[in-house]
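Okay, structure first, notes after.
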Amino acid sequence: MATNLDFPSDAEWDLDPAFLTVNHGSFGATPRTVIAAQRAWQDRMERQPSRFMNTVYPGAIRKAASALGIFLNADPDHIVFVDNATTGCNAVIKSLSLREGDQITILSHAYGAVHNAIRYVAERAGARIVQATIPFPDPTEDALIAAVTATLGSRTKLAVIDHITSGSAIVLPIKRIVAACHAAGVRVLVDGAHAPGQIDLDLEAIGADWYVGNCHKWLCAPKGCAFLHAKPPAQAGLHPGTISHGYGQGFLAEFDWTGTTDPSRFLSIEAALDFHQRLGGASLRARNKALAAQGAALIAQRLNTNVGTTGATAGAMATIRLPVDDPTPEHALRIRRKLMEAGTDAPVHALDGALWLRISAFAYNELDDYVRLAALVPGVLRDP
Numbered sequence: 107m108a109t110n111l112d113f114p115s116d117a118e119w120d121l122d123p124a125f126l127t128v129n130h131g132s133f134g135a136t137p138r139t140v141i142a143a144q145r146a147w148q149d150r151m152e153r154q155p156s157r158f159m160n161t162v163y164p165g166a167i168r169k170a171a172s173a174l175g176i177f178l179n180a181d182p183d184h185i186v187f188v189d190n191a192t193t194g195c196n197a198v199i200k201s202l203s204l205r206e207g208d209q210i211t212i213l214s215h216a217y218g219a220v221h222n223a224i225r226y227v228a229e230r231a232g233a234r235i236v237q238a239t240i241p242f243p244d245p246t247e248d249a250l251i252a253a254v255t256a257t258l259g260s261r262t263k264l265a266v267i268d269h270i271t272s273g274s275a276i277v278l279p280i281k282r283i284v285a286a287c288h289a290a291g292v293r294v295l296v297d298g299a300h301a302p303g304q305i306d307l308d309l310e311a312i313g314a315d316w317y318v319g320n321c322h323k324w325l326c327a328p329k330g331c332a333f334l335h336a337k338p339p340a341q342a343g344l345h346p347g348t349i350s351h352g353y354g355q356g357f358l359a360e361f362d363w364t365g366t367t368d369p370s371r372f373l374s375i376e377a378a379l380d381f382h383q384r385l386g387g388a389s390l391r392a393r394n395k396a397l398a399a400q401g402a403a404l405i406a407q408r409l410n411t412n413v414g415t416t417g418a419t420a421g422a423m424a425t426i427r428l429p430v431d432d433p434t435p436e437h438a439l440r441i442r443r444k445l446m447e448a449g450t451d452a453p454v455h456a457l458d459g460a461l462w463l464r465i466s467a468f469a470y471n472e473l474d475d476y477v478r479l480a481a482l483v484p485g486v487l488r489d490p
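All residue numbers for the sequence shown refer to the working numbering, where the first residue is 107 and numbers rise by one.
Structure, rendered in structure tokens:
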């Protein structure tokens, strides 16, 4: 698991060397340095729990938000921590005031959990969900923008746009899409679950009303660390899923305290950001994207198929079409189970009449990992 980055990181990972890890995108991996920082926060909390929660935590959580704000180019007073991107999206979606006949735009490749949250509020209000049909494979930025704008109308109250789609790994031109939606008078929630740490990110430049992102994936924070960014006009009427003591006292008061929990995962974000920068920061992100493209091309060549994205719409995840005659979700699950049995894991998704294998590239990966995966996949496909 050697790297060519700014400092040797092999000793940081507790990953099983007998298992081929090429799926960083699903749950990330937390290095020992960050786990140690989290443990230090936990030890400090447990020495004086009451004092910690009442007098240390309020300032510490805002300090953590400040560190994250610098990385994201965002005002820390517009940032709150949540458990995961789905939780953050739910807070926004469930805070909407919808009427019968109102519309919400989502992508045809939207993340399933977020789609379900939208279904929940739409069904209760009698609102409509309108899907922007994503051109795939190898979409252009202009085609992606056109797909979204074609769905916008006078009754569209919200567009929920993935920054990087989960199943197909498309990096969308999010700044241009947000601008197009705003020009049509439509507010935008960006589901950036996979973006922080995978691609360069500037929330001020993007300008979305709400932006949600995970820190436990590509920033390697402890599991259950994510953020919700809301511009001041979009903070009005926004509430966390759990209403607690801060109700009615403003955005930060409501989200910073939703009841007793272990905040060490949030407070460790400074250690995670420092580790990301020591790995190379922007150079790490560029290196991961290049490695994912190399790995995907190698696997596609072995299977005599094609990759899903190239160029500006590609990131540190990549998809490869699988040569199968039964492109169903059930078949996708069988293939993934067989991959697990063979000693690796990579998501397989049924998209637009085909099955697509998704790989990720991170600091601990090297090209040989994808050579090994390419050797495994044909045998898995031959065994139904």
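Yeah, the Cβ is synthetic: ideal placement off N, Cα and C, and Gly gets one too.
- Bounds of the beta strand (DSSP E) holding T211 are 209-213.
- Closest by C-alpha distance to D458, out of L479, R408, D432, is D432.
- I210 is positioned such that its CB atom lies closer than 8 Å to that of V266.
- Of the residues T192, D248, V483, the one whose Cα lies closest to the Cα of Q407 is V483.
- A Cβ-Cβ distance of about 5 Å is found for the pair V236 and T257, placing them in contact under the 8 Å criterion.
- Counting only residues of its own chain and dropping the five nearest sequence neighbours on each side, T239 has a CB closer than 8 Å to the CB of S214, A253.
- For T262, the enclosing beta strand (DSSP E) stretches over residues 262-268.
- Between T425 and R464, the C-beta spacing is below 8 Å.
- In the three-state scheme derived from DSSP, where H, G and I count as helix and E and B as strand, D451 is classed as strand.
- Taking a cut-off of 8 Å for Cβ pairs, the region 432-443 and the region 363-374 do not touch, as fewer than three such pairs fall below it.
- Taking 8 Å as the cut-off, the beta carbon of A223 is found no closer than this to the beta carbon of R205.
- In this structure, A452 sits near L445, with a CB-CB distance shorter than 8 Å.
- In the DSSP assignment, D297 is bridged to D268, V318.
- Beta-bridge pairing by DSSP links R145 to no other residue.
- In this structure, I305 and R391 form a Cβ contact; the two beta carbons are roughly 6 Å apart against a cut-off of 8 Å.
- Distance from T139 to F381 at the Cβ level is roughly 6 Å; contact confirmed, criterion being Cβ atoms closer than 8 Å.
- Apart from sequence neighbours up to five positions away, the residues of its chain that approach D308 with a beta-carbon distance below 7 Å are N179, ordered along the chain.
- Between G330 and H322, the C-beta gap is smaller than 8 Å, which places the two residues in contact.
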